[in-house]
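In terms of our numbering, the sequence shown opens at residue 242 and continues consecutively. Backbone N, C-alpha and C fix where the C-beta goes; we use that ideal spot for every residue, glycine too. Quantities reported herein were computed from a predicted structural model and do not represent experimental measurements. Comments concern the structure below.
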Amino acid sequence: MVEDAQIKLKKTLDKVKMLTQANIVEVRSFASPADKVKLVAMGCCFLLLDDKQVPGYLNKKGIDDYWDIAKKHVFAKPGDLFVTLTDEEKGYDKTSIDPKKIRAVKERCRKLPDLWNEKEMQKSSDANYCLFLWVEAMVTFYDVYESTKPVR
Numbered sequence: 242m243v244e245d246a247q248i249k250l251k252k253t254l255d256k257v258k259m260l261t262q263a264n265i266v267e268v269r270s271f272a273s274p275a276d277k278v279k280l281v282a283m284g285c286c287f288l289l290l291d292d293k294q295v296p297g298y299l300n301k302k303g304i305d306d307y308w309d310i311a312k313k314h315v316f317a318k319p320g321d322l323f324v325t326l327t328d329e330e331k332g333y334d335k336t337s338i339d340p341k342k343i344r345a346v347k348e349r350c351r352k353l354p355d356l357w358n359e360k361e362m363q364k365s366s367d368a369n370y371c372l373f374l375w376v377e378a379m380v381t382f383y384d385v386y387e388s389t390k391p392v393r
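This is how it looks when you write it as structure tokens:
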């Protein structure tokens, strides 16, 4: 189970590494993006931000609220975001994700299956698709990591 999850995570992160800083700048430049772009931005906010950066960020109402937050806090420094998403040593610490963040993705992003699915995200920009894959990979990793804690 863990080995399968690690293989899937590596394959997904290899796809995410196709993301470029220019792709991130492109997403940030969208004035009125499609809802699926806003939804992925919301998922990124849930995982990448904390209350120190944006007080009450997990309690915002809709995806439009998160688009503005993402532009200001997640996509503001494309180089830093690129490292966070792609560098396994200096990047995102997937072994200590706050369960509230995972719950937010599951309850708010995944509750819109018409938008939040790989087939639909492949139709959007390459950057949005890569960001979607990263969010999903972190949630999947978290689930496997938590379920195997008693065995480790």
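Linking SER337 to LEU288 through their CA atoms gives a straight-line distance of about 11 Å.
DSSP, read as helix, strand or coil, puts SER388 in helix. Secondary structure of ASP305 (DSSP, three-state): helix. By the 16-neighbour rule on beta-carbons within 10 angstroms, ARG344 is exposed.
Per the Cβ contact rule, the segment 246–257 is not in contact with the segment 300–318 (fewer than 3 Cβ pairs under 8 Å). The C-alpha of LYS342 is placed about 23 Å away from the C-alpha of LYS256.
In the structure shown, PRO354 falls within a coil segment according to DSSP collapsed to helix, strand and coil. Of the candidates GLU377, GLU244, ILE248 and MET259, MET259 places its Cα closest to the Cα of SER366. By the neighbour-count definition (other C-beta atoms within 10 Å, threshold 16), GLU244 is an exposed residue. In this structure, the alpha-carbon of ASP292 lies about 12 Å from that of ASP339. About 15 Å separates the beta carbon of LEU280 from that of CYS371, a gap too long to meet the 8 Å contact definition.
Going by beta carbons, VAL346 and VAL324 fall outside the 9 Å limit.
Approximately 6 Å separates the beta-carbon atoms of LYS335 and MET379; this is inside 8 Å, confirming the contact.
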